[in-house]
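Heads up: the sequence shown begins at 1 in full-length UniProt numbering, then just goes up one per residue.
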Amino acid sequence: MINGAHLIIYSNDADADRDFFRDVLKYPHVDAGGGWLIFRLPPAEAAVHPTPGPESHELYLMCDDVEVTVRELTAKGVQFTQPVTDAGWGLLTRFRLPGGGEVGLYEPRHPRATDL
């Protein structure tokens, strides 16, 4: 029986991104050895979307109040790369990881599978 999922974020500066998840987002973690941190994530959902182009994968973190979360993260030095917009299914923004990658952040307005 499948009992979990393991998400991998490829980074040009993995140490900086690990520090970000540990120190800024305060995600609990274990050291798998040699500084390879594995983070416990909040409850998760998975969605499958159609695409006419190449297949890809994205990470979106969810929050209860995107405006408050943006203020809190901005105060910690997080750089947001787009303003909060209404995507219909939620209020959406994106922020930059220290390694250069981007992560989506949104306040969902859709039913949440985590509520099941």
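Each residue gets a CB set at the ideal place from its N, CA and C atoms; glycine is no exception. From a predicted model like this one, the values you see are computed outputs, not experimental measurements.
Asked                                                                                                                                                        : Found
Taking the alpha-carbon of Arg96 as reference, which of Gly4, His6, Tyr60, Ala47 has the nearest alpha-carbon?                                               : Tyr60
Going by C-alpha distance, which of Gly100, Lys26, Leu92, Val30 is nearest Ala14?                                                                            : Gly100
Whole angstroms is fine: what's the gap from Leu37's alpha carbon to Pro28's?                                                                                : 10 Å
Does the beta-carbon of Val68 have 16 or more other beta-carbons within 10 angstroms, so that it is buried, or is it exposed?                                : exposed
Using a Cβ-Cβ cut-off of 7 Å (strictly less than) and excluding sequence neighbours within five positions of Pro83, which residues of its own chain qualify? : Thr93
Should His110 and Trp89 be called a contact, given that it needs their Cβ atoms to be closer than 9 Å?                                                       : yes
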